[in-house]
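For the sequence shown, the numbering used here gives the first residue as 5, with consecutive numbering after it.
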Amino acid sequence: MKKKLAFLLAGAMLMTAALAGCGGDKPADDSANTPADTAQQDTPAADNTADGGTLRMLTNAAFPPYEFVDDSGNVAGIDAEIAQAVADKLGMKLEITDMAFESLIAGLQSDTGDIVLAGMTVDPERAQSVDFTDSYATGVQVVIVPEGAEVKVNEEKDDEGNTVKSVDLTGMKIGVQTGTTGDQYCAGDYGEDAVQRYDNGALAVAALVNGQVDCVVIDNEPAKSFVEANKGLQILDTAYTVEDYAAAIKKGNTELLDKVNGALKELKEDGTIEGIITKYIHD
Ligand code: ARG
């Protein structure tokens with residue numbers, strides 16, 4: 005899927021900053037050792053969506069500060085807290101399962117879980133297989149490179165005469181997390197051969213540190229954590245694209261979709277969502 009969106013970096017960064025400030029305080033390295041497909045809590049076959057039942061969340065906890073495994077081995081982060089707040093509103097118990105990012109949608113389809121919160125981007129292809137809730141956060145796909153690396157930036161004028169910049173990764177080996185939008189965009193824009201896929205972002209960044217790839221395309225907030233945790237890396241000023249994050253629910257489960265959207269609306273209105281985000285992402 006082609007989606008090389010040119011846009012003004014400043015605007016994009018301001019959007020994220022406006023939403024959430026910047027500078028996460030969570031270390032990234034925990035996630036490097038997080039095996040995918042590890043259940044963090046029990047996930048019994050549940051009577052799942054009834055009031056008072058269990059809300060079974062699926063995620064990939066290698067994506068700080070949205071989700072990571074904390075010192076006690078539990079999944080923590082923005083998505084875990086938002087899901088807990090939603091479950092509380094609905095009078096449900098929350099259970100979280102950590103699995104490979106690329107298996108999350110299949111996990112909904114096979115009823116392994118009821119809801120995915122995983123910094124997941126609302127994407128038309130995914131929307132054919134799942135229903136997305138209303139968006140609760142903005143993400144920016146950015147490019148991590150070794151400090152001082154030269155990357156071509158194209159400048160064009162848009163219809164209103166504004167200068168828009170876009171990165172040109174032609175000729176670079178690009179590390180991505182398998183199945184993410186970064187993976188889709190880069191494979192679409194630069195071809196399958198340009199893309200090197202990894203189970204999680206930390207492994208892609210490790211490959212960058214080792215010189216196996218030339219850059220990593222990943223979401224801005226985990227990118228900041230990974231760059232903080234590894235010397236000699238930088239995030240390019242010109243980003244790749246801006247996206248919306250939402251929760252995903254099995255297609256057709258409108259009862260749960262409506263309930264979660266109702267809860268999210270209240271949690272946005274009373275400032276809970278913003279409070280959770282700024283707890284993890286701040287200046
Ligand atoms: N926002 C990107 C996407 O939806 C990456 C999300 C990765 N999330 C994670 N928990 N590993 O494809």
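Using N, Cα and C, we set each Cβ at its ideal position, and we do this for glycine too.
Our contact map puts residue i next to residue j with C-beta atoms below 8 Å; I'd like the distance itself, whole angstroms only.
i       : j       : result
Leu-108 : Ala-122 : 6 Å
Val-147 : Val-171 : 6 Å
Asp-102 : Asn-64  : 7 Å
Leu-237 : Glu-151 : 6 Å
Gly-95  : Gly-56  : 5 Å
Leu-260 : Asp-138 : Contact flag wrong, Cβ pair sits at about 14 Å.
Asp-135 : Ile-253 : 5 Å
Does DSSP put residue i in a helix, in a strand, or in coil?
i       : result
Val-209 : helix
Ala-251 : strand
Asn-312 : Because the chain spans 5 through 287 in this model, residue 312 falls outside it and cannot be assessed.
Val-246 : strand
Thr-224 : For the sequence presented, residue 224 should be read as Asn rather than Thr. In the structure shown, Asn-224 sits in a helix (DSSP, three-state: H, G or I).
Thr-185 : helix
Ala-110 : helix
Tyr-194 : helix
Gly-279 : helix
Glu-151 : coil
Asn-204 : coil
Gln-145 : strand
Thr-125 : strand
Ala-80  : strand
Val-217 : coil
Leu-271 : helix
Gly-28  : The pLDDT assigned to Gly-28 is 36, lower than 50, so where the model puts this residue is not dependable; a value taken from the coordinates is nonetheless given after this. Three-state result, Gly-28: strand.
Ala-54  : Confidence in Ala-54 is poor, its pLDDT being 45 and thus under 50, which makes the residue's placement unreliable; the coordinate value appears in the next sentence. Correct three-state label for Ala-54: coil.
Does the beta-carbon of residue i have 16 or more other beta-carbons within 10 angstroms, so that it is buried, or is it exposed?
i       : result
Lys-156 : exposed
Gln-188 : buried
Ala-131 : exposed
Gly-275 : exposed
Thr-38  : Unreliable placement is indicated for Thr-38, whose pLDDT of 41 sits below 50; the coordinate value is still reported in the next sentence. By the 10 Å Cβ count, Thr-38 comes out buried.
Ala-208 : buried
Ser-114 : exposed
Lys-161 : exposed
Asn-204 : buried
Asn-214 : exposed
Pro-128 : exposed
Leu-271 : buried
Gly-186 : buried
Per DSSP, what are the beta-bridge partners of residue i in this structure?
i       : result
Leu-59  : Leu-98
Asp-135 : Ile-253
Asn-158 : Ser-170
Glu-71  : Phe-67
Gln-238 : Val-149
Val-120 : Leu-62, Ala-252
Val-199 : Ile-178
How about residue i: is its Cβ closer than 8 Å to a heavy atom in ligand 2?
i      : result
Val-90 : As for ligand 2, it is missing from this structure, which binds only ligand 1.
Any beta carbon of chain D sitting closer than 9 Å to that of residue i?
i       : result
Tyr-202 : You won't find chain D in this structure, because it holds only one protein chain.
Open item on the list: Between the segment 133-144 and the segment 244-256, can you find at least three pairs of beta-carbon atoms closer than 8 Å?
Closed with: yes
- [ ] Specify whether the segment 213-223 and the segment 77-87 touch according to this definition: at least 3 beta carbon pairs, one from each stretch, less than 8 Å apart.
- [x] no
- [ ] Evaluate the contact criterion for the segment 231-243 versus the segment 179-197: three or more CB pairs, one atom per stretch, below 8 Å.
- [x] no
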